[in-house]
Each structure stands twice: as C-alpha cells, then as structure tokens.
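All remarks here apply to the structure that follows.
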Amino acid sequence: MTQAVVVLAAGVGTRMKSSKPKVLHEVAGAPMLCHVVRTAKTLSPTRIVVVVGPQSDVIRHRLGDFNLEVEFATQQQPRGTADAVAAARTHLHGFTGRLIVLFGDTPLVRPQTLTRLADAGDDKADIRVLGFHSENPQGYGRLVIDEDGEVVRIVENRDADPETEKIQFCNSGVIAGDSELIFGLIEDVTADNSANEYYLTDIIEIARSRNLRCAAIVCGETEALGVNDQADRAAAEAGFQSQTRAHAIANGVDLPDAEQVYFSFDTELAPNATIEPFVVFGPGVEVESGAHVRSFSHLEGCVIRSGASVGPHARIRPGSVIENGARVGNFVEVKQSRIGYGAKASHLSYIGDADIGDGANIGAGTITCNYDGKGKHRTVIGKRAFLGSDTILVAPVTVGESAMTAAGSVITSDVPAESLAVARKRQSIIKGFAQRYFGRIDRLSGK
C-alpha cells in the first residue's frame with residue numbers, strides 16, 4: 150500500500166523559553182524535526198508534508214541545510230492537532246493510501262516501530278495509534294481500552310477525570326490509517342473541550358461510533374517522549390544516546406565505557422571499531438572496522454579508515470580522512486586534510502588543508518600555516534617524508550617524497566625529493582650575557 154506522512158510542526162513551544170521554533174531545538178546535533186523526517190523516510194512514503202505555522206521560513210531553511218526534501222503546509226491559526234492535519238489535505242489531493250501522522254517534537258520513534266504501525270496485521274484495524282505504558286503518566290493523554298483490547302477513546306490529560314487519570318497506558322500522538330478515512334473523520338471533530346481546540350485524538354471516538362476498529366501498537370516510553378521544555382529536550386538527548394549506544398554494541402562496536410561516548414544523529418560505526426570513553430562525535434563521522442578512537446577526542450565531518458588510530462585528545466575536523474594504519478596522536482588537530490596510509494602525526498601538531506603522503510612522519514609541534522588572511526592554501530607532504538619537530542610549513546608549499554626538514558625550520562619554498570631543508574638561523578653564543586642580564590634585574594629590583 151502506498152503511504153504518505155504528515156508531520157505536525159506548527160507549535161510555538163513557549164515552554165522552551167526560546168525564540169527558536171520548538172521543533173528546531175537539537176538532539177544529537179540535529180533539530181528534532183530532522184530526526185522525525187529521517188525516520189519517516191525509512192518508510193519510503195510517496196509524500197511527506199510538514200505542517201508549519203505562518204512564521205515558517207526558518208524551519209524551511211533548516212531542513213534544507215540537512216538536504217531533507219519535503220512539502221510544507223501552513224496552519225494559519227493554532228487551533229489544535231486535527232486542524233493541523235486538515236491543513237495538509239490540499240497537498241495530498243488525489244492521494245489514496247495509508248496516512249501516518251507524526252509529531253515534530255517526538256524525535257525518538259524508531260523506524261522499526263513505524264513499520265509495525267504501518268503494516269497491516271491481524272488486528273484488522275481501521276486506525277492504529279501508538280501507545281506506551283508509563284508509571285508516571287501525568288501530562289499524557291490516556292488510551293481507554295475495552296475488554297477486547299481495542300481503543301475506544303483517547304482522553305487528553307487536562308480533560309481526564311480522576312478515574313481516567315489512573316490509566317497508565319498513554320498516547321504518543323502517532324496515528325495511522327486510510328487517508329480518506331482520517332480526513333473524513335476530522336471533518337466531524339469539534340472544539341468542545343477545555344482548550345477549545347480541535348483534537349486529532351477525537352477521531353477515535355468518532356470512528357467507534359461508526360463501528361470502525363481502532364487498535365494500539367505498543368512502544369517503549371523513551372521512544373514516545375514528547376519534548377515540551379528544556380528538561381524534556383535533555384531527556385530526549387539522553388534517550389537518543391542510550392538507544393544509539395545499545396545499537397552500536399549490538400552491531401559489534403567495542404565501547405569499553407559506553408556511557409561516556411556521545412554520538413551525533415548520523416554517526417556511522419562499523420563492527421570491530423573501538424571507541425574509548427569521553428569521545429564526542431559531531432555530525433558526519435564514519436569510523437571503519439578495526440579503527441581505534443582513543444579517549445577525549447572530538448571528531449566531526451571525517452572518515453577514519455580501517456586500522457587507523459586517533460587520539461587521545463585529538464581533534465579531527467570536517468573534510469579530513471585518516472587512512473588505513475595512520476596514527477594521529479595526542480593534541481593533534483587535523484582539518485580538511487588527508488593523512489596517508491601508515492603516516493604518523495603523533496604529538497602537538499596542527500595539520501590544515503594538507504595532503505600527507507603514505508608513510509610520512511610529522512614531528513611534534515609541526516604547523517601548516519594554511520591561511521594568509523584572505524584565502525586558504527594547501528600543503529603537500531610526499532610519501533615517506535620526515536618532518537623534524539617544530540617545522541612550520543608556510544603554504545602553498547610541497548615537501549617531496551623521502552625529503553626531510555630540520556627541527557625548528559620555517560619552510561617557505563618547495564623541498565625536492567630526498568633532500569634536507571634547513572631553514573633557521575645559525576646558533577650563536579654571547580658569553581657572559583646571562584650573568585650580566587640577571588645581575589641588572591637584581592640591581593633594579595633592589596636585591
């Protein structure tokens with residue numbers, strides 16, 4: 150069956166105490182809305198419509214930053230979730246198939262859960278809702294179930310009587326059903342409630358009045374977490390990290406202390422990669438099998454090839470590739486550079502806009518001076534080159550294959566292959582200078 154997804158993202162989110170739209174607050178380096186859209190795309194829907202409020206430009210631009218192509222519908226006034234879904238109807242004109250309604254502030258629903266919700270099962274249900282059990286259900290709508298296990302109605306928390314408040318089976322907000330059926334049911338929704346809003350949840354009771362069947366699909370409470378304030382966002386971050394760590398371990402990643410590793414929304418770790426504690430992944434990192442990332446390292450926008458070692462205390466910035474068997478050691482920063490096969494940069498160096506050849510050795514304290522105040526320039530280090538400690542390379546410059554630089558050299562011109570470059574002033578000795586210098590200081594200080 151063809152599928153379409155509507156994502157509700159029009160809420161202002163005043164409880165976040167921020168001028169930023171609620172759905173753009175980030176979890177694991179990406180706006181919550183991006184998480185929801187990425188998950189929706191795993192269903193391969195024919196259409197994804199994001200419903201936003203009138204001031205939606207910033208949301209449109211932010212999704213564009215993540216290359217997430219969707220359609221946008223506008224809810225002109227905040228009149229409730231049923232009205233928001235109705236705002237997407239014109240965009241789905243002519244669509245026939247299953248409609249799934251998601252929420253832009255519920256970022257942790259897993260693809261597997263959506264698949265269970267969407268797939269036709271033995272329940273023969275006309276509408277499915279996603280529910281979860283909670284020992285502390287305060288704030289959530291309750292799913293009222295009959296003796297046959299079917300959902301008879303959903304009661305919003307603010308409208309619940311004392312008996313309904315005791316129910317611990319809660320509503321996530323996610324609903325699936327035939328698109329024409331859902332839009333037809335919405336037409337009969339009224340705003341007869343304490344908030345004077347049109348609740349999407351009311352379609353369940355309307356459907357039951359028409360002898361339609363409504364079933365609940367159960368997920369974990371963490372998945373269903375809806376974010377309303379900064380405390381919820383922090384909880385969502387913790388939930389995402391917990392889910393991702395468990396997934397990595399299940400797929401064979403070695404995490405000696407998993408609780409101290411922090412992932413981005415798109416981190417890719419291959420089986421048999423080792424990630425030590427206190428490593429932070431920014432967006433766009435791929436770590437191949439057999440690679441080793443040591444403690445206190447920060448990686449973003451880079452690839453760590455099989456057998457490579459990074460850290461401890463390393464920073465690998467966007468556009469960098471650390472090739473097979475290469476070593477990037479403590480307090481080394483790499484930016485927009487390739488570290489070749491088996492090459493080593495073991496200590497206290499900055500490598501920016503550079504190509505480091507296979508087997509090259511970068512001495513401690515080496516710096517590539519890649520920026521002249523207006524533009525960036527590249528440094529090329531040939532295969533098996535050996536750079537002495539404290540070499541400063543003023544780009545653009547090339548050091549040839551198997552060439553060397555003397556420690557403390559400032560290299561401003563190309564170094565031919567198999568040559569030694571010495572670019573420092575010859576040491577001179579001024580006898581007695583230190584004695585005279587410190588004696589003068591003592592006299593001035595009255596000692």
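Numbering follows my numbering, in which position 178 of the sequence shown is assigned residue number 327; successive positions increment by one, without gaps.
Ideal Cβ positions, reconstructed from N, Cα and C, are used throughout, including at glycine.
{"Item": "Hey, how far is the Cα of G298 from the Cα of C363?", "Value": "9 angstroms"}
{"Item": "In the DSSP assignment, what are the bridge partners of F430?", "Value": "L448"}
{"Item": "If you follow the alpha helix (DSSP H) that Q390 is part of, which residue opens it and which one closes it?", "Value": "379–399"}
{"Item": "What distance in whole Å lies between the Cβ atoms of F215 and A177, which are believed to be in contact at a cut-off of 8 angstroms?", "Value": "Actually they do not touch by this definition, with Cβ atoms about 13 angstroms apart."}
{"Item": "Checking the sheet assignment: what are the DSSP bridge partners for L593?", "Value": "Paired residues: none, contrary to the question."}
{"Item": "Since V459 and S438 are thought to touch, with beta carbons under 8 angstroms apart, how far apart are those beta carbons, to the nearest angstrom?", "Value": "Actually they are not in contact, since the Cβ atoms of V459 and S438 sit about 15 angstroms apart, beyond 8 angstroms."}
{"Item": "From V323, N342, Y347, pick the residue whose C-alpha is nearest to that of L334; which is it?", "Value": "Y347"}
{"Item": "In angstroms, rounded to a whole number, what distance separates the CA positions of G433 and S469?", "Value": "11 angstroms"}
{"Item": "Hey, G537 and G512 are a contact pair by Cβ (cut 8 angstroms); roughly how many whole angstroms apart?", "Value": "5 angstroms"}
{"Item": "Could you have a look at V571 and say whether DSSP puts it in helix, strand or coil?", "Value": "coil"}
{"Item": "What distance in whole Å lies between the Cβ atoms of G290 and E314, which are believed to be in contact at a cut-off of 8 angstroms?", "Value": "About 11 angstroms; that fails the 8 angstroms criterion."}
{"Item": "Just tell me which of R247, G246, A222, T245 has its CA closest to the CA of A235.", "Value": "A222"}
{"Item": "Any idea what DSSP makes of V176, helix, strand or coil?", "Value": "strand"}
{"Item": "Report the option in A373, T255, R259 whose CA atom is closest to the CA atom of L157.", "Value": "T255"}
{"Item": "At which residue ranges does the region 323–385 contain complete beta strand (DSSP E) runs of 3 or more residues, listed in the order of the chain?", "Value": "363–367"}
{"Item": "Along the chain, where does the beta strand (DSSP E) that runs through G501 open and close?", "Value": "499–501"}
{"Item": "What's the C-alpha gap between V410 and V429?", "Value": "6 angstroms"}
{"Item": "Give me the Cα-Cα distance between I560 and V543, rounded to the nearest whole angstrom.", "Value": "6 angstroms"}
{"Item": "Please classify K171: is it buried, with 16 or more other beta-carbons within 10 angstroms of its beta-carbon, or exposed?", "Value": "buried"}
{"Item": "Quick one: complete beta strand (DSSP E) runs, 3+ long, within the region 456–541?", "Value": "469–471, 476–479, 482–484, 493–496, 499–501, 503–505, 516–518, 528–530"}
{"Item": "Among R476, G522, K523, whose alpha-carbon lies nearest the alpha-carbon of I500?", "Value": "R476"}
{"Item": "Between F252 and H282, is the Cβ-Cβ spacing less than 9 angstroms?", "Value": "no"}
{"Item": "Buried or exposed: which applies to E482, given that a residue is buried once 16 or more other Cβ atoms fall within 10 Å of its Cβ?", "Value": "buried"}
{"Item": "So, with DSSP's three-state summary, where would you put E90?", "Value": "Nothing in the structure corresponds to residue 90, since the chain is present only between 150 and 596."}
{"Item": "So, P461 versus C451, is the Cβ gap smaller than 9 angstroms?", "Value": "no"}
{"Item": "Kindly identify the DSSP beta-bridge partner or partners of G280.", "Value": "N320, V367"}
{"Item": "Could you give the distance in angstroms between the alpha-carbon of R357 and the alpha-carbon of D337?", "Value": "13 angstroms"}
{"Item": "I think D402 touches P420, with their Cβ atoms under 8 angstroms apart; what is that distance to the nearest whole Å?", "Value": "The question names Asp, but residue 402 in the sequence shown is Val. So it is a contact: roughly 6 angstroms between Cβ atoms."}
{"Item": "Per DSSP, what kind of secondary structure is V185 in: helix, strand or coil?", "Value": "helix"}
{"Item": "Counting only the same chain and skipping the five closest in sequence on each side, list residues whose C-beta sits under 6 angstroms from that of L448.", "Value": "F430, V434, I465"}
{"Item": "Does the beta-carbon distance from T528 to A494 come in below 9 angstroms?", "Value": "no"}
{"Item": "Hey, quick one: how far does the alpha helix (DSSP H) through T230 stretch, first residue to last?", "Value": "230–236"}
{"Item": "On the CB-based measure, 16 or more other CB atoms within 10 Å of its CB, does D591 come out buried or exposed?", "Value": "exposed"}
{"Item": "What are the residues that DSSP puts in a beta bridge with Q152?", "Value": "R247"}
{"Item": "Taking just the CA atoms, how far does N519 sit from H526?", "Value": "5 angstroms"}
{"Item": "Is DSSP giving T264 helix, strand or coil here?", "Value": "helix"}
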